[in-house]
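The block underneath contains the structure these notes are about, expressed in structure tokens.
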Amino acid sequence: MSVGLRAVQWNRDKLVYDGILVVCVALYLAGYLLIAWRSEPPKALPDAIDLWIRATGSCAFLMLTVILSIGPLARLDRRFLRLLYNRRHFGVLTFLVALVHFGFLLDWYVVQNALPNFAAELVKWPDYAKFIGFPFKVLGLAALLILFLLASTSHDFWLMFLTPRVWKFLHMALYGAYGLVVLHVALGHMQDERSPLVPLFLIAGFGTVALLHLLAGWRERKADHAVAPTGRWLTVGPPAAIPDKGARIVAIPGGERIAVFRDGNQIAAVTNLCAHQNGPLGEGRIIDGCITCPWHGYQYRLADGCAPPPFTEKLATFRVRLERGLIEVDPTPLPPGTPAAIVVA
Amino acid sequence: MTRKHRALHRIVWPILALAVVLGVVLALWLRPPPEPGQTRAVPQEHVA
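Okay, structure coming up:
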């Protein structure tokens, strides 16, 4: 939950998460450089810089692969929700590693007094018509630009300013950036490097991410099928079919999902979209009497969908009723924060 | 995620996967054979 604007909202969990990330990045870079240095010691300074370029580049690719796997993994298995909690810091760190990769690339040209060549490569227009020989650095630069845009708008201020809906669309640009990175490596490093490890690394990474997204999307599709309406009301099922302190999710025909929660004998329906990042509230739990979003722990009272004071977020609620032993929901949303919970015997 | 996000997701990923896999396979298929003693250097035609 948020109240007021702070640069970064640190807490113990985030510090531990970020600490582990930084240690993993440092270990990866140290391990890569140690192995590469021993197997083929650099003969000159540009060779040493080249090792750094490859170490940071492969590290950024690996980080992007992990980041993009977290979302679908969390949809497929709740245990991965812990990784989703601080994914934005993960993204910002990835941008920084990619920026260092770019910095070493510029340094590689500088130490050879050849910096203008970099610009010349980018404006060698006939190469843009080639496939092999395409200026692959442009693909990397475009990906870096997208990562910069996403890192700079990752703060909750931008989330509120743009609205969660627009913000989420903007941050889906990461998929495009990942595709650009894969092609950047395929048309660049993979053309020089004959080791089968490079294509294997690339195909395994991208293949895993694509497969996870396709699998999660396919499974999600079933949940979007609307339940059969009885008149204007949607049938949810008997109260016992809703897990205690949990929810059952129903879909409005052609509309958004509704999360129907039960806390003992109290039942309430709210939008399935968390007011923070549109997280799936119905996959969360009721903790301390409040609906708790599984993504970042934002909380709302079951009775009226309002965040407890001093927080101000509100959810749209829906009328519920018990009819012939079945819970039914009116799919017309009530204004956010309207009390609509019922008590069943 | 909203219904529109999910719908976009379901459109984007198959297209992206197909395009990238095609790109990588072509890049592997068409890459030139290695030259003996090949090292990475600034292209000579660009050296100032």
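Residue numbers (the numbering used here), protein chains in the order written: chain A, 1 to 345; chain B, 1001 to 1048.
All C-beta atoms, glycine included, are put in the ideal place defined by N, C-alpha and C.
Contact criterion: CB-CB distance below 8 Å. Does residue i meet it with respect to chain A?
i, result
"Val1028 of chain B", "Just to set this straight, residue 1028 of chain B is Leu in the shown sequence, not Val. Chain A, which has a Cβ nearer than 8 Å to the Cβ of Leu1028 of chain B, makes this yes."
"Thr1002 of chain B", "yes"
"Arg1031 of chain B", "yes"
Tell me whether residue i is buried or exposed, calling it buried when 16 or more other Cβ atoms sit within 10 Å of its Cβ.
i, result
"Asp248 of chain A", "In the sequence as displayed, the identity of residue 248 of chain A is Arg instead of Asp. Per the 10 Å Cβ criterion, buried."
"Phe157 of chain A", "exposed"
"Arg194 of chain A", "exposed"
"Thr163 of chain A", "exposed"
"Glu345 of chain A", "Rather than Glu, the amino acid found at residue 345 of chain A in this sequence is Ala. That one is exposed."
"Phe328 of chain A", "Residue identity check: residue 328 of chain A is Glu in the sequence provided, not Phe. It is buried - the Cβ of Glu328 of chain A has at least 16 other Cβ atoms within 10 Å."
"Ile258 of chain A", "buried"
"Ala269 of chain A", "buried"
"Tyr128 of chain A", "exposed"
"Arg75 of chain A", "buried"
"Gly4 of chain A", "Reliability of the predicted coordinates at Gly4 of chain A is poor, the pLDDT of 49 falling under 50, and no value is obtained from them."
"Gly103 of chain A", "exposed"
"Asp50 of chain A", "buried"
"Gly325 of chain A", "exposed"
"Trp1029 of chain B", "exposed"
"Thr317 of chain A", "buried"
"Leu159 of chain A", "buried"
"Ile132 of chain A", "exposed"
"Asn11 of chain A", "exposed"
"Ile53 of chain A", "buried"
"Trp167 of chain A", "buried"
"Phe136 of chain A", "buried"
"Thr332 of chain A", "exposed"
"Trp37 of chain A", "exposed"
"Trp1013 of chain B", "buried"
"Trp125 of chain A", "exposed"
"Thr312 of chain A", "exposed"
"Ile35 of chain A", "exposed"
"Val123 of chain A", "exposed"
"Leu212 of chain A", "buried"
Just to make sure I have the definition right: I need the residues of chain E whose C-beta is within less than 9 Å of the C-beta of residue i. Which are they?
i, result
"Leu1022 of chain B", "In summary, chain E is missing from the structure at hand, where the protein chains are A and B."
Determine, using beta carbons only, whether residue i comes closer than 8 Å to chain B.
i, result
"Gln266 of chain A", "no"
"Ala186 of chain A", "yes"
"Phe346 of chain A", "This structure leaves residue 346 of chain A out entirely; chain A is present only between 1 and 345."
"Gly255 of chain A", "yes"
"His101 of chain A", "no"
"Glu40 of chain A", "no"
"Pro308 of chain A", "no"
"Asn278 of chain A", "yes"
"Leu202 of chain A", "yes"
"Val344 of chain A", "no"
"Ala220 of chain A", "First, the amino acid is wrong: residue 220 of chain A is Glu here, not Ala. Yes, its Cβ sits closer than 8 Å to a Cβ of chain B."
"Arg191 of chain A", "A small correction: the amino acid at residue 191 of chain A is Gln; Arg does not occupy that position in the sequence shown. It does; some Cβ of chain B falls within 8 Å."
"Arg301 of chain A", "no"
"Phe131 of chain A", "yes"
"Pro199 of chain A", "yes"
"Ala214 of chain A", "It is Leu, not Ala, that sits at residue 214 of chain A in the sequence shown. So, interface residue."
"Gly91 of chain A", "no"
"Gly179 of chain A", "yes"
"Leu183 of chain A", "yes"
"Ala210 of chain A", "yes"
Just the chain B side, please: which residues come within less than 8 Å of residue i by C-beta, in chain order?
i, result
"Met172 of chain A", "His1005, Leu1008, His1009 and Val1012"
"Asn86 of chain A", "Here the premise fails: no neighbours, minimum Cβ distance about 19 Å."
"Tyr175 of chain A", "Val1012, Trp1013 and Leu1016"
"Gly217 of chain A", "Arg1006, His1009, Arg1010 and Trp1013"
What residues of chain B sit near residue i, judged by a beta carbon separation below 7 Å?
i, result
"His296 of chain A", "Ordered by position in chain B, no residue passes the 7 Å Cβ test against His296 of chain A, which lies about 14 Å from the chain."
"Arg194 of chain A", "Pro1034"
The ligand FMN heavy atoms versus the CB of residue i: any closer than 7 Å?
i, result
"Phe201 of chain A", "The model on display carries no ligand, and the ligand FMN is accordingly not part of it."
Which residues of chain B have a Cβ atom closer than 9 Å to the Cβ of residue i, listed in chain order?
i, result
"Ala275 of chain A", "Those do not exist, as Ala275 of chain A stays about 13 Å from chain B at its closest Cβ, beyond 9 Å."
Query - Three or more C-beta pairs below 8 Å linking the region 262-270 of chain A and the region 1006-1023 of chain B - result: Between the region 262-270 of chain A and the region 1006-1023 of chain B, the count of Cβ pairs shorter than 8 Å is below three; the stretches do not touch.
Query raised in the report: Touching or not, the region 328-343 of chain A and the region 141-151 of chain A, by the rule of three or more beta carbon pairs under 8 Å?
Result: No, they do not touch.
Report task. Give, in chain order, every residue of the region 140-169 of chain A whose Cβ lies closer than 8 Å to some Cβ of chain B. Result -> Result list: Arg165, Lys168 and Phe169.
Query - Cβ contact (3+ pairs, closer than 8 Å) linking the region 55-75 of chain A and the region 179-195 of chain A - result: In short, these stretches touch, since the Cβ pair count reaches three.
Report task. Indicate whether the contact test is met: 3 or more Cβ pairs, each with one atom in the region 290-301 of chain A and one in the region 1013-1031 of chain B, closer than 8 Å. Result -> The answer is no - the region 1013-1031 of chain B does not touch the region 290-301 of chain A, with fewer than three Cβ pairs under 8 Å.
Report task. Taking 8 Å as the threshold, find out whether the region 11-18 of chain A comes into contact with the region 80-96 of chain A through three or more Cβ pairs. Result -> They touch, by the three-pair rule.
Query raised in the report: Counting Cβ pairs, one atom from each stretch, are 3 or more of them under 8 Å apart for the region 302-315 of chain A and the region 266-286 of chain A?
Result: Yes: at least three Cβ pairs fall under 8 Å.
Query raised in the report: Between the region 211-219 of chain A and the region 61-81 of chain A, are three or more C-beta pairs nearer than 8 Å?
Result: Contact holds: three or more Cβ-Cβ distances are below 8 Å.
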